[in-house]
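Numbering (the numbering used here), first residue to last: 529 to 617.
To start, the structure under review is shown below, and the notes come after it.
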Amino acid sequence: MFASVVHIRPAGRIGVPHPWAALILHEAARIEPDEAARMAWYRGDPIATLGQQTAESLVACGRHEDVLGFLRAAARDLGLKPVRAFAAF
Numbered sequence: 529m530f531a532s533v534v535h536i537r538p539a540g541r542i543g544v545p546h547p548w549a550a551l552i553l554h555e556a557a558r559i560e561p562d563e564a565a566r567m568a569w570y571r572g573d574p575i576a577t578l579g580q581q582t583a584e585s586l587v588a589c590g591r592h593e594d595v596l597g598f599l600r601a602a603a604r605d606l607g608l609k610p611v612r613a614f615a616a617f
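Shown next as structure tokens:
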């Protein structure tokens, strides 16, 4: 759903959606329901605890787990329940 609007802009990959962007934006939707605000955060807001880099730049350099951890900690701090994944049968 979000992958169609997320385009990472590193050199050599212009216009190519990053495979982790959709998961990051899905997790961020638990905190910020407004899609435009979520995209503005993803692309433009530096994350202080992650070296003042944006989520987009962190994902582009392979640090998607750090961004997911940041979002999950923020959700926990807001009192949101953890998302339960499907379990193997």
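Note that CB positions come from ideal geometry on N, CA and C, so glycine has one too.
All figures in this text were calculated on a predicted structure; none of them were measured in a lab.
Extent of the continuous alpha helix (DSSP H) run through residue i
i, result
"L551", "549-557"
"G597", "592-605"
"E560", "Per DSSP, E560 belongs to no alpha helix (DSSP H) and is neither H nor E."
"A576", "First-last for A576: undefined, no H or E at that position."
"L586", "583-588"
Pairwise C-alpha distance: residue j and residue i
i, j, result
"Q553", "R604", "The identity of residue 553 in the sequence shown is Leu, whereas the question assumes Gln. Looking at the two C-alpha atoms, the distance is approximately 17 angstroms."
"L608", "R600", "9 angstroms"
"S585", "I575", "10 angstroms"
"P610", "I559", "12 angstroms"
"W548", "E593", "9 angstroms"
"Q580", "A602", "16 angstroms"
"V587", "L606", "23 angstroms"
"G543", "G597", "Model confidence at G543 stands at a pLDDT of 48, short of 50, so the residue's coordinates are unreliable; what they give is reported in the following sentence. Their Cα atoms are separated by approximately 26 angstroms."
"A568", "V595", "15 angstroms"
"D562", "H546", "21 angstroms"
CB-CB length for residue i against residue j, believed under 8 angstroms
i, j, result
"Y570", "A550", "Between A550 and Y570 the Cβ distance is about 11 angstroms, and since that is not below 8 angstroms, they are no contact."
Cβ-Cβ distance between residue i and residue j below 9 angstroms
i, j, result
"R566", "L578", "no"
"D573", "A583", "yes"
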